[in-house]
Amino acid sequence: MEVRDALEQFDNALELNPNPTEAQAAFYNKACCHAYREESKKAAECLRIALRDYNLKFGTVLNDPDMAPFRASPEFKELQEEALRGGEDIGSGFRRDLKLISEVQAPFRGVRRFFYVAFIAAAGISTFFTIPRLIFALQGGDGAPDFLETAGNAAINIGGIVVLVALFFWENKKEEEQITNISRNETLSRLPVRLSTNRITELVQLRDISRPVILAGSKASVTQAMQRAERYRTDLLKRGVLLIPVIFGASLKVQGKPKGFGTTRSAASAPSIGGDFEKRTESIAAKSRLRAEVRFKADIVSPEQWESWIRDQQESEGVTPGEDVYIILRLDGRVRRSGRGMPNWNDILKELPRLEDLLSKLER
């Protein structure tokens, strides 16, 4: 089916007074068509309508391979930022899911904020009753309270309010940073790589199996870092290190675009935040096969998506976009640490425990 014909059919379907589920599917498939044709602005508009009016899960956009060209565009970044903020224009489903994950990672943040609000209220009530006493103390006269004592109480209450309000806003800021990091990690987990066996998989499938180390920069820097890593190959493999070179500006051509909408995935998708949270189990044998396929190096599949994610990561860390960087991931897929330039492999060996060590088991 031609993409143009598909667009016409989806437009016709929307004119037939579809129910919400059918309308969601029509707008989403229209977005897939526009993404296929690299019409990112039109794809973004269709997705906004589906997200806002028909309860489309943002995780679907993150997971769908048909959306790969769109995820590499500036319009996707803008749409993702809108979804992070939530609101009437795009809905709050994605942000709500991220907040749930944030609460799991920082379970006592809500408790702390509750006590901050309670103590602020208590200090405010105390200040409310202290101010008239302070005025009475300034006026003096019979029965007037001691000025220094009253002023001290007022100062303590006001100082406590200032500190508690600052802590409350600091907690909110940390939550926003955490939500942004969770979203960025989720985007990272959907980036595809090609293993040594020519199998294409997403990083999320390598969790608990390997520690990807992303080497991003110029061809000369990345090649040199890879050559140096070869000297420590055995020890790095014992620590589950999987090198992923990303050369900025590399003119890698996509061998073929997916045809249609709903092509077979090259790798099984794990449940995604904001998605349907489908219960998918993977047999021990299948997991073992994937572990056997993971070697020392993997190649990126969609360079535009990778470079876009790395630029976002550089901006968040205050690094000039395009500068040589390395990013080390944990076994659970989160970013362990990152730095400018290329890594010192001796330091990496000292930092990372072997896969069979207790610290590695706790990291999973």
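With the UniProt record's numbering, letter number 45 in the sequence shown gets 45, and the count goes up by one each step, no holes.
Backbone N, C-alpha and C fix where the C-beta goes; we use that ideal spot for every residue, glycine too.
Please read all numbers here as calculations on a predicted model, not as lab measurements.
Residue burial classification, residue i (beta-carbon count within 10 angstroms, cutoff 16)
i           : result
N12         : exposed
T197        : exposed
residue 366 : Shown here, the chain extends from 1 to 364; a query on residue 366 therefore has no answer.
L100        : exposed
E8          : exposed
F108        : exposed
V162        : exposed
N29         : buried
Q24         : buried
R354        : exposed
Residues sharing a beta bridge with residue i, DSSP
i    : result
G339 : Y326
V213 : L243 and I328
P353 : In DSSP, P353 forms no bridge with anything.
T201 : V193
I300 : V193
Cα-Cα separation, residue i to residue j
i           : j    : result
F115        : T130 : 22 angstroms
T127        : V117 : 15 angstroms
S73         : N19  : 31 angstroms
S102        : F10  : 37 angstroms
N157        : P132 : 14 angstroms
A298        : Q305 : 16 angstroms
V213        : I300 : 12 angstroms
E317        : G86  : 24 angstroms
A31         : G110 : 38 angstroms
G160        : E22  : 55 angstroms
K174        : L167 : 10 angstroms
V165        : I120 : 7 angstroms
residue 393 : G124 : For residue 393 there is no data in the structure shown, the boundaries of the chain being 1 and 364.
I182        : K350 : 27 angstroms
A154        : G140 : 17 angstroms
D235        : T201 : 24 angstroms
D16         : S360 : Correcting the residue type first, residue 16 is Leu in the shown sequence and not Asp. Cα-Cα distance, rounded: 56 angstroms.
F296        : A122 : 59 angstroms
A220        : L79  : 35 angstroms
L51         : G240 : 39 angstroms
Q314        : G152 : 48 angstroms
Proximal residues to residue i (C-beta, below 6 angstroms), its chain only, five neighbours per side dropped
i           : result
residue 405 : Because the chain in this structure spans residues 1 to 364, residue 405 falls outside the shown range and cannot be described.
E282        : Note that E282 scores a pLDDT of 46, beneath 50, so its modelled location is shaky and nothing firm can be said.
Cβ shell of residue i (< 7 angstroms), same chain only, five flanking positions each side left out
i    : result
A106 : Q178
V335 : N185, I327 and L329
T150 : T130, R133, L134 and A137
G322 : F248
T187 : L62 and W309
V294 : L195, L206, I209, S210 and L242
V3   : C33, Y36 and R37
R113 : F168 and E171
D357 : none
Extent of the continuous beta strand (DSSP E) run through residue i
i    : result
E315 : Run containing E315: none in the beta strand (DSSP E); it sits in the alpha helix (DSSP H), P303 to S316.
Run of the alpha helix (DSSP H) containing residue i, from where it starts to where it stops
i           : result
R48         : S40 to D53
Y36         : P20 to Y36
D5          : V3 to L14
S221        : K219 to E230
residue 367 : Shown here, the chain extends from 1 to 364; a query on residue 367 therefore has no answer.
L206        : Run containing L206: none; DSSP gives neither H nor E here.
T60         : F58 to N63
Contacts around residue i, its chain only, beta-carbon distance under 8 angstroms, and the 5 residues preceding and following it disregarded
i    : result
G339 : V325 and Y326
E75  : S40, K41, A43 and A44
T180 : L84 and S316
Contact with chain C by residue i, beta-carbon distance below 9 angstroms
i    : result
N157 : Although the question refers to chain C, the structure presented lacks it and comprises just one protein chain.
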